[in-house]
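Structure, as structure tokens:
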Amino acid sequence: MYIHFWGVRGSLPSSLNTNDWAKHFERLMHEFFKDGHRGPEHIESFIRKKSLPYVGGYGSATTCVEVTDHNQSLIIDMGSGVKNLNDQLQQSGQLKTQTEFHVLMSHFHFDHILGIPFFSPHFMKGKTVHYYSVQPETENIVRSMFQKPTFPVTYESLPGQIQFHTLVPHEKHVINGFDVTAFQLDHPDLCYGFRVEKNNMVYAHAVDHEAIRRTPDQLGLDAGLFKNANLLYFDAQYSESDMEKHKGWGHGTCDRGFEVAYNFGVQQILFAHHDPSADLQKIWHNKEEAEQILKKQFFMLAKNPEFKWDYAFEGQIVKL
Ligand SMILES: [Zn+2]
Ligand SMILES: [Zn+2]
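Our numbering numbers the first residue of the sequence shown as 26 and each following residue consecutively.
In structure tokens:
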């Protein structure tokens, strides 16, 4: 099973502005010469030694995650990362051959639906897009994304077929060969995380989530989302110090993610839904803070050689 992160930003598509990118490249060039490199023949090895997001940033697109296994796939949420997924389907030729597309919807905040009208299969005869959600509003929401004057093509005129399916929380559903279970997250409007299982591997998707409930007792049935997950994708839009200003906004922190990982035997955690206002320095700062917190408060996790964590970046692929 492979997990493809096509969009990892939170709330609004956002990237560094032109000036900030220029400053970032200036800083990288200083590092290049400071490290003793002198010519273009060293550029490739200099870049390879850095982590990919250190050089290229964390991306600008909002939530869109794809789970694949051989020729089967599931899409989770339709943020602006759909564009990256669409491009990949096009370039690989898969857009021509694949006829059924399966989309899980966590909730309907703008950052999770804004890619819907840009998903090509809607416009292709012979294709079917299946939408799955716990909330019954999905059909109304998808219809509303294809209407004038906010979009030039109306829902009724779409050549592709669209079907809607309702999920029951805490109940396992088989979708395109994957076992999928929905669990409620801590968010201002009803929002669900998904546990996706295949070949004894577990991917747990938990954005948008404030993680007010973190212990088995507090979570009750929703604890099933996290138990022994091989990979947990967790909302860390804020740091704990930012939280005073953002309490009740429905987004979490690394500290909370580590606590959940510790309580439920999670093997790997990727933090996501990055704050649209966070520049590279802010994300690096949060990452350093998280490293200290892990060592001080969750040293059992820090000492576990099996446990891995990082901040997710756009285009990242994790094999489970
Ligand atoms: Zn969101
Ligand atoms: Zn939300």
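C-beta atoms are modelled at their ideal positions from N, C-alpha and C, and glycine is treated no differently.
Delimiting residues of the beta strand (DSSP E) encompassing residue i
i    : result
A337 : Premise fails: A337 is in no beta strand (DSSP E) and is neither H nor E.
Q209 : F203 to Q209
E164 : Looking at the DSSP string, E164 is not in any beta strand (DSSP E); the run it does join, the alpha helix (DSSP H), is T163 to M170.
I200 : H198 to I200
M103 : That residue, M103, is in no beta strand (DSSP E); it is neither H nor E in DSSP.
Span separating the alpha-carbon of residue i from that of residue j
i    : j    : result
G81  : H134 : 27 Å
R52  : I72  : 13 Å
W31  : K108 : 8 Å
N225 : I138 : 30 Å
E181 : V167 : 12 Å
V205 : Y27  : 15 Å
Q293 : D247 : 19 Å
H298 : I308 : 11 Å
D300 : C279 : 13 Å
G282 : R239 : 9 Å
E284 : M103 : 28 Å
E269 : F323 : 22 Å
G290 : L99  : 25 Å
E66  : P78  : 22 Å
A337 : R34  : 9 Å
D267 : D233 : 16 Å
Nearest neighbour of residue i, chosen from the options [CA to CA]
i    : options                   : result
K223 : H95, H55, F57 and L77     : H95
A254 : D267, F219, G245 and G273 : F219
P161 : F176, K152, K150 and S131 : S131
W334 : H310, F296, G340 and K320 : F296
L37  : S76, M26, T87 and P65     : T87
K48  : L305, K344, H67 and D136  : L305
F189 : T175, E181, Y157 and F171 : Y157
P142 : T122, M170 and T124       : M170
L256 : T153, S117 and Y287       : Y287
A231 : I237, Y258 and G185       : Y258
D211 : I200, Q172, G277 and E196 : G277
K252 : A261, P241 and E91        : P241
P194 : A236, L129, N165 and T175 : L129
Residue(s) in a DSSP beta bridge with residue i
i    : result
L295 : Y258 and D335
D94  : Q97
H190 : Y157
T377 : Limits of the chain in this structure are 26 at one end and 345 at the other, which puts residue 377 out of reach.
F350 : Outside the displayed range of the chain (26 to 345) lies residue 350, so it cannot be described from this structure.
Y27  : T93 and K344
Span of the alpha helix (DSSP H), counted from its first residue to its last, around residue i
i    : result
G81  : L77 to G81
F126 : Element bounds for F126: not the alpha helix (DSSP H) but the beta strand (DSSP E), E125 to L129.
V285 : C279 to F289
K150 : First-last for K150: undefined, no H or E at that position.
H230 : Per DSSP, H230 belongs to no alpha helix (DSSP H); it is in the beta strand (DSSP E), M226 to A231.
F324 : F324 to K328
R63  : Per DSSP, R63 belongs to no alpha helix (DSSP H) and is neither H nor E.
S117 : V107 to S117
R239 : Run containing R239: none; DSSP gives neither H nor E here.
Chain-ordered residues, beta carbon under 7 Å from a heavy atom of ligand 1: G35, S36, T87, T88, H134, D136, H137, V232, D233 and H298
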